[in-house]
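One structure below.
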Amino acid sequence: MALSLETVVGARFLCGQRLPPALSATRLQRLGRSSHLKLGAPRVHRPIACANAGVDTLVLPPPPTEKIPAEMLHMNTFSNYLVLKPEETTNEELFRLLRDGDIGHIDSIGCPDGTVVDDDKRRMLIFISIVLQKIILSVAQPGTSSMMVLMNLLAENDLPKIIWDYFTGQLKLPDPNSMDFKSPFAFIDTRVKLEQNIKPGDSAYYAHLSIMAAKLSYENEARIRSIVRGYWDMEFLGFFNCWDDFQDSFCTQAFMMSDKPVESGEAELVVVAFRGTDDAYDACTDIDFSWYEIPGVGKVHGGFMKALGLQKEGLPEEIVQDPQTPFAYYVIRERLRMILKKNPNAKLVVTGHSLGGALSALFPIVLKLHGEDWIIERIQGVYTFGQPRVGDRQLGEFAENILDSPKRRYFRFVYSNDLVPRVPFDDNTWLFKHFGKCLYYDSMYRGQEVHEEPNQNYFGVEYSIPKYMDAMWELGQSFVIGHVRGPEFHESPMMRMMRMMGLMIPGLPCHSPQDYNNITRLGTLMDAATTETSDGMLGTPPTPTLISDC
Numbered sequence: 000m001a002l003s004l005e006t007v008v009g010a011r012f013l014c015g016q017r018l019p020p021a022l023s024a025t026r027l028q029r030l031g032r033s034s035h036l037k038l039g040a041p042r043v044h045r046p047i048a049c050a051n052a053g054v055d056t057l058v059l060p061p062p063p064t065e066k067i068p069a070e071m072l073h074m075n076t077f078s079n080y081l082v083l084k085p086e087e088t089t090n091e092e093l094f095r096l097l098r099d100g101d102i103g104h105i106d107s108i109g110c111p112d113g114t115v116v117d118d119d120k121r122r123m124l125i126f127i128s129i130v131l132q133k134i135i136l137s138v139a140q141p142g143t144s145s146m147m148v149l150m151n152l153l154a155e156n157d158l159p160k161i162i163w164d165y166f167t168g169q170l171k172l173p174d175p176n177s178m179d180f181k182s183p184f185a186f187i188d189t190r191v192k193l194e195q196n197i198k199p200g201d202s203a204y205y206a207h208l209s210i211m212a213a214k215l216s217y218e219n220e221a222r223i224r225s226i227v228r229g230y231w232d233m234e235f236l237g238f239f240n241c242w243d244d245f246q247d248s249f250c251t252q253a254f255m256m257s258d259k260p261v262e263s264g265e266a267e268l269v270v271v272a273f274r275g276t277d278d279a280y281d282a283c284t285d286i287d288f289s290w291y292e293i294p295g296v297g298k299v300h301g302g303f304m305k306a307l308g309l310q311k312e313g314l315p316e317e318i319v320q321d322p323q324t325p326f327a328y329y330v331i332r333e334r335l336r337m338i339l340k341k342n343p344n345a346k347l348v349v350t351g352h353s354l355g356g357a358l359s360a361l362f363p364i365v366l367k368l369h370g371e372d373w374i375i376e377r378i379q380g381v382y383t384f385g386q387p388r389v390g391d392r393q394l395g396e397f398a399e400n401i402l403d404s405p406k407r408r409y410f411r412f413v414y415s416n417d418l419v420p421r422v423p424f425d426d427n428t429w430l431f432k433h434f435g436k437c438l439y440y441d442s443m444y445r446g447q448e449v450h451e452e453p454n455q456n457y458f459g460v461e462y463s464i465p466k467y468m469d470a471m472w473e474l475g476q477s478f479v480i481g482h483v484r485g486p487e488f489h490e491s492p493m494m495r496m497m498r499m500m501g502l503m504i505p506g507l508p509c510h511s512p513q514d515y516n517n518i519t520r521l522g523t524l525m526d527a528a529t530t531e532t533s534d535g536m537l538g539t540p541p542t543p544t545l546i547s548d549c
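See the structure below:
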């Protein structure tokens with residue numbers, strides 16, 4: 000029986016299997032680019048026993064009685080895409096990119112045939128993205144950095160002892176997998192306990208628990224387990240070290256916890272926390288300006304989709320998961336399926352900081368694409384902190400229909416001049432847009448609910464002087480806030496060093512979890528039209544009024 004290329008590819012995706020290398024997406028493009036990358040087959044077309052059946056003997060169930068809307072069928076393919084592959088890009092191709100807008104003939108840029116980018120600025124941005132990724136990949140080293148080991152060594156020992164142990168041959172390096180080994184974020188914000196004055200049921204509870212979980216996600220598995228169980232008195236449900244098919248490395252991490260044991264079916268809250276930018280490979284994800292267009296959904300940031308679980312063959316509804324190289328979306332979804340079915344009263348919170356916030360925002364979108372409406376219905380809220388833009392306006396409207404209808408469940412926090420939420424830029428070149436309302440807080444933790452954070456592209460001329468003034472205020476505040484607000488607000492030496500760096504690059508220290516943590520403990524939420532404010536940092540903090548169930 001002769002089978003077309005499209006039949007083989009379609010059968011593989013229906014079975015939830017990954018294509019062999021010979022039929023990878025890149026190979027398909029070069030074989031005529033007639034096949035689109037698949038997002039997954041509609042549920043009614045799932046084959047019977049396809050795991051053991053050859054393509055020739057594939058048996059499909061009877062046709063559905065209810066007609067599937069054409070737009071839903073189209074939504075299961077990427078109709079357009081721009082995929083940057085810096086590891087394959089030659090210098091000759093880079094210079095050709097600058098000279099010629101016909102990028103469809105550049106092998107290291109995946110796109111439909113005939114794609115032309117006439118805009119010089121847009122080509123320059125693609126060029127910069129590729130060059131920066133090539134530089135980062137050339138110096139990136141997998142595993143724990145020497146700087147992190149040194150930081151932990153100095154934290155556990157004084158310098159004279161380290162020198163003595165070194166010369167006497169007794170120096171023992173910290174174990175990166177131990178519960179005592181800290182990430183840089185643990186040195187920046189040293190708090191591990193939840194705020195005692197914020198209880199379950201308080202309006203600020205979910206936001207506070209979310210930022211603490213998002214901050215904790217930067218730690219290793221042993222430390223996360225120790226803090227979740229020992230300090231928070233919650234159940235640790237698993238740590239996920241996940242594969243990025245395009246980076247060929249474990250670039251995505253997350254963990255899961257619950258308020259009560261899940262085995263007994265008593266859990267009322269399950270939290271999934273995605274880790275943010277943690278190393279050079281994550282930095283490549285942030286500056287990878289690849290994108291995919293999903294008909295009826297919109298354009299989505301390619302780097303974030305890759306980190307979430309996009310494979311070189313697409314994003315099928317089901318895959319045969321390799322336990323050695325799990326993909327974040329699939330392994331977390333499978334765990335949620337089991338836990339939520341066994342715990343009918345459990346609600347789901349998804350959270351993350353920075354890159355982790357982007358993955359948190361995209362996670363329910365992919366759930367919707369794969370028809371996991373019942374999981375989406377269990378979502379209490381998606382809480383993101385310092386999240387970059389993840390797609391265009393159309394994607395935002397699609398996400399709002401999922402998360403903010405009939406009630407609001409998406410909460411995007413932005414602190415002061417944080418640079419990351421303001422990229423990729425929102426202009427005619429980038430086409431990226433935030434969606435939903437923004438909970439914006441200034442340098443005195445006064446909040447406003449706005450459509451977009453001020454200075455949305457960071458480089459606004461009118462904000463130049465105020466940014467530096469804010470940086471000076473934040474540095475000064477770091478020396479007194481602990482004396483005024485309490486010892487838990489004392490800032491670490493590393494955080495103060497970051498504040499000093501902010502005098503040169505305003506917005507850099509604003510991205511640390513420190514201030515987002517302070518928001519949930521001290522922040523007030525003002526109406527956008529209100530001019531009367533609280534007394535700021537030095538006054539008695541009112542009860543936080545962060546939104547939980549709008």
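Yeah, the sequence shown ends on 549 if you go by numbering that gives the first Met the number 0, and it's all consecutive.
For every residue, glycine included, the Cβ atom is placed at its ideal position computed from N, Cα and C.
#### Entry: Local Cβ density within 10 Å of Ile338, reported as buried at 16 or more and exposed below that
To locate residue 338, count along the sequence shown from 1; it is residue 339. It is buried - the Cβ of Ile338 has at least 16 other Cβ atoms within 10 Å.
### Message
Which same chain residues end up closer than 8 Å to Leu149 when comparing Cβ atoms and leaving out the 5 residues on each side of it in sequence?
### Response
Counting from one through the sequence shown, the residue named residue 149 turns up at place 150. Contacts found: none.
### Task
Spell out a yes or no on whether the stretch 366-386 and the stretch 344-351 are touching, meaning 3 or more CB-CB pairs, one atom from each, closer than 8 Å.
Taking one beta carbon from each stretch, the stretch 366-386 and the stretch 344-351 have 3 or more pairs nearer than 8 Å; the two touch.
### Message
Tell me which residue opens and which closes the alpha helix (DSSP H) that Trp472 is part of.
### Response
Here residue 472 refers to the residue found at position 473 of the sequence shown. For Trp472, the enclosing alpha helix (DSSP H) starts and ends at Ser463 to Arg484.
### Task
Please determine, among Asn79, Ile127, Phe184 and Phe77, the residue with the shortest C-alpha to C-alpha distance to Met497.
Mapped onto the sequence shown, residue 497 falls at position 498. For the residues Asn79, Ile127, Phe184 and Phe77, the minimum Cα distance to Met497 belongs to Phe184.
### Message
Just to confirm my understanding: we take Ile518, look at its own chain, exclude 5 residues before and 5 after, and list those with CB closer than 7 Å. What are they?
### Response
The residue you call residue 518 lines up with position 519 of the sequence shown. The residues are Phe412, Tyr414, Tyr440 and Tyr444.
### Query
Do Thr276 and Ala327 have their C-beta atoms closer together than 8 Å?
Here residue 276 refers to the residue found at position 277 when the sequence shown is read from its first residue. Here residue 327 refers to the residue found at position 328 when the sequence shown is read from its first residue. The criterion of a C-beta distance shorter than 8 Å is not satisfied by Thr276 and Ala327.
#### Entry: Close-in-space but distant-in-sequence residues of the same chain around Arg190 (CB under 7 Å, 5 per side omitted)
Taking the first residue of the sequence shown as 1, we reach residue 190 at position 191. Glu487 and Asn516, listed in sequence order.
### Message
Could you tell me which whole alpha helix (DSSP H) segments of length 4 or greater appear in the stretch 232-304?
### Response
Counting only runs of 4 or more residues that sit fully inside the stretch 232-304, the alpha helix (DSSP H) segments are 279-286, in chain order.
### Check: Met150 C-beta below 7 Å from any heavy atom of the ligand SAM
Only the bare structure without any ligand can be found here, which leaves the ligand SAM out of the picture.
#### Entry: CA nearest to the CA of Asp425, picked from Gln455, Val449 and Ser404
Within the sequence shown, the letter at position 426 stands for residue 425. Per the Cα distances, Gln455.
### Query
What residues match up with Phe184 in a beta bridge as DSSP calls it?
The residue given as residue 184 occupies position 185 in the sequence shown. For Phe184, which the question treats as bridged, DSSP gives no partner whatsoever.
### Query
Skipping 5 residues on each side, what residues in its chain have a beta carbon closer than 7 Å to that of Val419?
Walking along the sequence shown from the start, residue 419 turns up at place 420. Excluding five sequence positions before and after Val419, the CB atoms of its chain that fall closer than 7 Å to its own CB belong to Ser353, Gly385, Pro387 and His510, given in chain order.
### Task
Give, in chain order, every unbroken run of the alpha helix (DSSP H) that is at least 4 residues long and sits entirely within the stretch 350-380.
Those alpha helix (DSSP H) runs which fall completely within the stretch 350-380 and span 4+ residues are 354-368 and 372-376.
### Task
Please check if any C-beta of chain C sits within less than 8 Å of the C-beta of Gln246.
Considering every chain present, this structure includes no chain C. It has just one protein chain.
### Message
Looking only at its chain, what residues have a beta carbon closer than 6 Å to the beta carbon of Gln132, apart from the 5 residues adjacent to it on each side?
### Response
For the purposes of this step, residue 132 is taken as residue 133 along the sequence shown, with counting starting at 1. These residues qualify, in order along the chain: Pro85 and Cys283.
### Message
Can you give me the C-alpha to C-alpha distance between Glu155 and Trp163, rounded to a whole angstrom?
### Response
Within the sequence shown, the letter at position 156 stands for residue 155. Within the sequence shown, the letter at position 164 stands for residue 163. Pairing Glu155 with Trp163, the inter-Cα distance amounts to about 14 Å.
### Query
Where do the ends of the alpha helix (DSSP H) carrying Leu96 lie?
As a working note, residue 96 is residue 97 in the sequence shown. Here the alpha helix (DSSP H) through Leu96 covers Asn90 to Arg98.
### Task
Below 6 Å CB to CB, which residues in the same chain sit around Phe273 once its five sequence neighbours on both sides are set aside?
As a working note, residue 273 is residue 274 in the sequence shown. For Phe273, where only same-chain residues beyond five positions count, the Cβ hits under 6 Å are Ala253, Gly351, Gly355, Leu358 and Ser359.
### Query
Three or more C-beta pairs closer than 8 Å, one from the stretch 254-270 and one from the stretch 340-347: is that the case here?
Because the criterion of three Cβ pairs below 8 Å is met, the stretch 254-270 and the stretch 340-347 touch.
### Task
Quick one: measure Cβ to Cβ for Gly390 and Val299, integer angstroms, because I've assumed they're closer than 8 Å.
Position 391 of the sequence shown, counted from the first residue, corresponds to residue 390. Position 300 of the sequence shown, counted from the first residue, corresponds to residue 299. Confirmed, Cβ separation roughly 4 Å.
### Query
Residues bridged to Phe410 by DSSP?
Walking along the sequence shown from the start, residue 410 turns up at place 411. By DSSP's assignment, Phe410 forms a beta bridge with Tyr382.
### Query
Taking just the CA atoms, how far does Ile504 sit from Asp117?
Residue mapping note: residue 117 aligns to position 118 of the sequence shown, counting from 1. Residue mapping note: residue 504 aligns to position 505 of the sequence shown, counting from 1. Cα-Cα distance, rounded: 33 Å.
### Message
Please return the same chain residues whose Cβ sits closer than 6 Å to the Cβ of Val422, not counting the five positions on each side in sequence.
### Response
As a first step, residue 422 is located in the sequence shown; it is residue number 423 there, counting from the start. Around Val422: Pro387.
### Query
Between which two residues does the alpha helix (DSSP H) containing Val449 stretch?
Residue 449 sits at position 450 when you count from the first residue of the sequence shown. Per DSSP, Val449 is not a residue of any alpha helix (DSSP H); the beta strand (DSSP E) it occupies stretches across Arg445 to Val449.
### Message
Please report the straight-line C-alpha distance between Ile135 and Leu309, rounded to a whole angstrom.
### Response
Indexing the sequence shown from 1 puts residue 135 at position 136. Indexing the sequence shown from 1 puts residue 309 at position 310. Straight across, the Cα-Cα distance linking Ile135 with Leu309 is about 22 Å.
#### Entry: CA-to-CA distance, Arg228 to His207, given in whole angstroms
The residue given as residue 207 occupies position 208 in the sequence shown. The residue given as residue 228 occupies position 229 in the sequence shown. Taking the Cα positions, His207 is about 17 Å away from Arg228.
### Message
Rounded to the nearest angstrom, what separates Val82 and Pro492 at their Cα positions?
### Response
One-based indexing of the sequence shown puts residue 82 at position 83. One-based indexing of the sequence shown puts residue 492 at position 493. Going by the C-alpha atoms only, they are around 41 Å apart.
### Query
Going by the CB atoms, is the gap between Arg224 and Phe235 shorter than 8 Å?
Residue 235 sits at position 236 when you count from the first residue of the sequence shown. Residue 224 sits at position 225 when you count from the first residue of the sequence shown. Result yes, Cβ atoms of Phe235 and Arg224 sit closer than 8 Å.
#### Entry: Span separating the alpha-carbon of Arg98 from that of Cys110
The residue you call residue 98 lines up with position 99 of the sequence shown. The residue you call residue 110 lines up with position 111 of the sequence shown. Going from the Cα of Arg98 to the Cα of Cys110 covers about 18 Å.
### Query
If you follow the alpha helix (DSSP H) that Val227 is part of, which residue opens it and which one closes it?
The residue labelled residue 227 in the question sits at position 228 within the sequence shown. The continuous alpha helix (DSSP H) containing Val227 extends over residues Glu220 to Gly229.
### Straight-line Cα distance separating Pro173 from Pro41
Here residue 41 corresponds to residue number 42 of the sequence shown, with the count starting at 1. Here residue 173 corresponds to residue number 174 of the sequence shown, with the count starting at 1. Its pLDDT being 38, under 50, Pro41 is placed unreliably in this model, and the coordinates cannot settle the point.
### Query
Mind checking Lys160: buried by the 16 CB within 10 Å criterion, or exposed?
The residue labelled residue 160 in the question sits at position 161 within the sequence shown. Lys160 is exposed by the Cβ-count criterion.
### Identity of the residues DSSP links to Ile108 by a beta bridge
Taking the first residue of the sequence shown as position 1, residue 108 is located at position 109. The partner list for Ile108 (beta bridge, DSSP) reads Leu83.
### Task
Give the single residue among His450, Lys305, Gly297 and Leu524 whose Cα lies nearest to the Cα of Asp285.
In the sequence shown, residue 285 corresponds to position 286, counting from 1. Of the listed residues, the one whose Cα sits closest to Asp285 is Lys305.
### Query
Which of helix, strand or coil does DSSP assign to Lys346?
Along the sequence shown, read from residue 1 onward, the residue named residue 346 stands at position 347. Reduced to three states, the DSSP call for Lys346 is strand.
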